[in-house]
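*Asks:* So for the sequence shown, this note's numbering puts the first residue at 38; every next one is plus one.
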Amino acid sequence: MSQAKRGNIEMRPRFQRRDAWRVLRKSRFVESIILGLPIPQIVLAEKRNERGKYIVLDGKQRLLSLLQFVGDAEGENNNFALLGLEARADLVRKNIKTLLRTLRSRMS
38 MSQAKRGNIE MRPRFQRRDA WRVLRKSRFV ESIILGLPIP QIVLAEKRNE
88 RGKYIVLDGK QRLLSLLQFV GDAEGENNNF ALLGLEARAD LVRKNIKTLL
138 RTLRSRMS
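1. For Gln-78, does the count of other Cβ atoms within 10 angstroms reach 16, so buried, or fall short, so exposed?
2. Whole angstroms are fine: how far does the CA of Arg-130 sit from the CA of Pro-75?
3. Measure the C-alpha to C-alpha separation of Glu-113 and Arg-143 and round it to an integer number of angstroms.
4. Rounded to whole angstroms, what is the Cα-Cα separation between Ser-145 and Asn-132?
5. So if DSSP puts Ile-46 in a beta bridge, which residue, or which two residues, is it bridged to?
6. If you count every other CB in all the chains shown that lies within 10 Å of the CB of Phe-52, and 16 or more means buried, which is it?
7. Along the chain, which unbroken stretches of the alpha helix (DSSP H) at least 4 residues long are found entirely within the region 70-124?
8. Counting along the chain, where does the alpha helix (DSSP H) carrying Met-144 start and finish?
9. Quick check: the region 92-106 against the region 55-72, are at least 3 beta-carbon pairs closer than 8 Å?
10. What separation, rounded to the nearest whole angstrom, lies between the Cα atoms of Arg-49 and Tyr-91?
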């Protein structure tokens, strides 16, 4: 994610589809990470003649979901609140800021 935030990952190569997942699917993906479930790898390829720059071969929707959840992407879903969670219903309607605030208060 840090590479994407720095602009080192091209998220829109011609062969990749648009932002295709709805917020429900993005939310459930984030939930799976919170639960510690294994997730598929994100596959990148280094751009020809641009060392340190990459394109997304596989995993654009997953990477974009994470970037949008933490508020580091563009578009209408940036900084979305979680919806429709199954195992962690207590986190529904929380965005990254409210989630972190909740976690901090539980640790205090």
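For every residue, glycine included, the Cβ atom is placed at its ideal position computed from N, Cα and C.
*Replies:* According to the data block:
1. exposed
2. Their backbone Cα atoms lie some 24 Å apart in a straight line.
3. 31 Å
4. 20 Å
5. Looking at the DSSP assignment, Ile-46 forms a beta bridge with Tyr-91.
6. exposed
7. Within the region 70-124, the complete alpha helix (DSSP H) runs of at least 4 residues are 97-106.
8. Counting along the chain, Met-144 sits inside the alpha helix (DSSP H) bounded by residues 133-144.
9. Three or more Cβ pairs drawn from the region 55-72 and the region 92-106 lie within less than 8 Å of each other, which places the two stretches in contact.
10. 11 Å
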